[in-house]
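Below: one structure, written as structure tokens.
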Amino acid sequence: MVVMSNFLRKAGRFNVVGAVAIVAAGSTLVYSKSSNIIHSRKLELSSYTTNPVLPSLIASCKEASGAVLDDLSKAAAACGPFGRDTIANAAAKVGPAVVHFEFPQYFLGSHVGSRICSGTIIDKDGTILTCAHAVVSSSKGKIEVTLQDGRTFEGKVVNADTESDIAIVKINSETPLPEAKLGSSSRLRPGDWVIAIGSPHFLQNTVTAGILSCVNRKSRDLGMSGMPREYLQADCTTSRGNSGGPLVNMDGEVVGVNIMKAKDVDGFSFSIPIDSVDKVIEHLKKRGSVLQP
């Protein structure tokens with residue numbers, strides 16, 4: 017877990033590369049308590065995040081039964097949108113495309129442990145989406161990538177944007193790889209169910225569930241200076257190693273990239289909305305960098 021040092025606090029501005037360079041002990045950024053960083057909120061954060069089901073269910077129910085179901089609770093009771101297999105089915109759709117990253121870390125030439133994070137295969141050709149703060153310090157840009165089925169590959173960081181904290185890693189396979197479907201974060205609402213998948217503390221294929229608390233949490237609300245950002249806030253349990261993994265809606269679509277959590281507090285995890293990620297990926301594909309406003 018990467019911990020914000022007193023030096024960074026005094027700097028008055030959070031810098032992903034700086035944090036990674038100073039402490040390379042994990043894959044989760046940590047925002048420590050500070051009046052400069054958190055102002056009066058005293059919230060400690062650490063980095064490491066659904067889908068409006070009922071409207072479509074209401075429409076299908078109306079079509080099937082001819083009934084007029086304007087009340088959402090009645091529609092839910094009539095159509096049963098959330099069953100015992102809902103979360104399991106969503107996890108099964110995206111799970112095979114979630115990968116585990118691991119690479120050695122060195123300090124002054126000495127091996128000091130391994131760095132871990134997660135990612136999502138978004139193309140059968142081996143294109144993997146993850147977060148920049150977890151992979152930019154990898155040795156020569158090469159990473160060991162492990163799939164859910166146990167296969168391992170050597171991955172290479174091909175693009176990374178530290179401002180948006182998004183990176184693209186590539187692996188090569190002789191056969192098509194499982195890929196996850198990207199959803200839309202603009203359709204999310206507070207209260208929607210989501211799941212987070214990743215490898216917290218080296219425990220691969222870990223699935224946790226929760227609901228969205230906020231779909232546009234401002235970076236200034238978190239006491240973060242620099243370029244204004246918006247995050248999805250959920251109460252999925254995440255920890256060191258979840259960084260770069262997917263936040264998934266109940267349709268099994270990726271709607272965010274897990275990035276940070278509240279330190280030592282459950283119920284406060286944050287992710288980058290997938291709509292913002294799409295724009296970053298497009299910039300990286302066309303120009304190799306992201307044009308910042």
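In this note's numbering, the protein residues as written are 17 to 309.
Idealized CB from N, CA, C, for every residue including glycine.
Remember, it's a predicted structure, so these values are computed and weren't measured experimentally.
Can you check DSSP and say which residues form a bridge with residue i?
{"i": "Ile290", "result": "DSSP lists no partner for Ile290."}
{"i": "Gly3", "result": "The structure shown does not extend to residue 3, since the chain is modelled only from 17 through 309, so no value can be given for it."}
{"i": "Thr162", "result": "His116, Thr168"}
{"i": "Leu336", "result": "Residue coverage of the chain in this structure runs from 17 to 309, which leaves residue 336 outside it and unanswerable."}
{"i": "Ser126", "result": "Phe123"}
{"i": "Ala104", "result": "Its beta-bridge partners do not exist; DSSP assigns none."}
{"i": "Val210", "result": "Gly226"}
{"i": "Ser285", "result": "Ala250, Lys277"}
{"i": "Lys197", "result": "Glu269"}
{"i": "Ala176", "result": "Ala183"}
What separation, rounded to the nearest whole angstrom, lies between the Cα atoms of residue i and residue j?
{"i": "Ile138", "j": "Leu124", "result": "36 Å"}
{"i": "Val114", "j": "Ser241", "result": "31 Å"}
{"i": "Ile213", "j": "Lys197", "result": "14 Å"}
{"i": "Asp141", "j": "Glu195", "result": "9 Å"}
{"i": "Ser287", "j": "Glu190", "result": "32 Å"}
{"i": "Val185", "j": "Leu145", "result": "7 Å"}
{"i": "Pro71", "j": "Arg100", "result": "For Pro71, the predicted model reports a pLDDT of 49, less than 50, meaning its position is unreliable; a value from the coordinates is still stated below. Those two C-alpha atoms are separated by around 21 Å."}
{"i": "Gln164", "j": "Asp237", "result": "36 Å"}
{"i": "Ile227", "j": "Arg203", "result": "14 Å"}
{"i": "Ala314", "j": "Arg303", "result": "The requested residue 314 is not part of the displayed model; the chain covers only 17 to 309."}
{"i": "Gln249", "j": "Ser229", "result": "5 Å"}
{"i": "Ala37", "j": "Asp181", "result": "Because the pLDDT of Ala37 is 35, which lies under 50, any placement of that residue in the model is unreliable, and the question is left without a value."}
{"i": "Leu300", "j": "Thr178", "result": "12 Å"}
{"i": "Val128", "j": "Glu160", "result": "17 Å"}
{"i": "Val110", "j": "Val231", "result": "21 Å"}
{"i": "Ala148", "j": "Ala183", "result": "5 Å"}
Let me know if residue i comes out buried or exposed under the rule of 16 or more other beta-carbons within 10 Å of its beta-carbon.
{"i": "Ala108", "result": "exposed"}
{"i": "Asp294", "result": "exposed"}
{"i": "Ser126", "result": "exposed"}
{"i": "Ala104", "result": "exposed"}
{"i": "Glu170", "result": "exposed"}
{"i": "Arg118", "result": "The sequence shown places Glu at residue 118, rather than the Arg named in the question. When all chains shown are included, Glu118 counts as buried."}
{"i": "Pro262", "result": "buried"}
{"i": "Asn265", "result": "buried"}
{"i": "Tyr247", "result": "buried"}
{"i": "Asp208", "result": "buried"}
Contact defined as beta carbons within less than 8 Å: I believe residue i pairs with residue j. What is the distance between those atoms, to the nearest angstrom?
{"i": "Asp282", "j": "Gly199", "result": "Rounded, the Cβ-Cβ distance is 25 Å, inconsistent with contact."}
{"i": "Ile310", "j": "Ser201", "result": "Nothing can be reported for residue 310, as the shown portion of the chain is limited to 17 through 309."}
{"i": "Gly257", "j": "Ser153", "result": "Gly257 to Ser153, Cβ: 16 Å. No contact."}
{"i": "Thr136", "j": "Gln220", "result": "Thr136 to Gln220, Cβ: 14 Å. No contact."}
{"i": "Val210", "j": "Val271", "result": "7 Å"}
{"i": "Thr254", "j": "Pro216", "result": "7 Å"}
Which parts of the region 224 to 276 are runs of the alpha helix (DSSP H), unbroken and 4 residues or longer, counting only runs that do not cross its ends?
-> Taking only runs of at least 4 residues, no alpha helix (DSSP H) segment lies wholly in the region 224 to 276.
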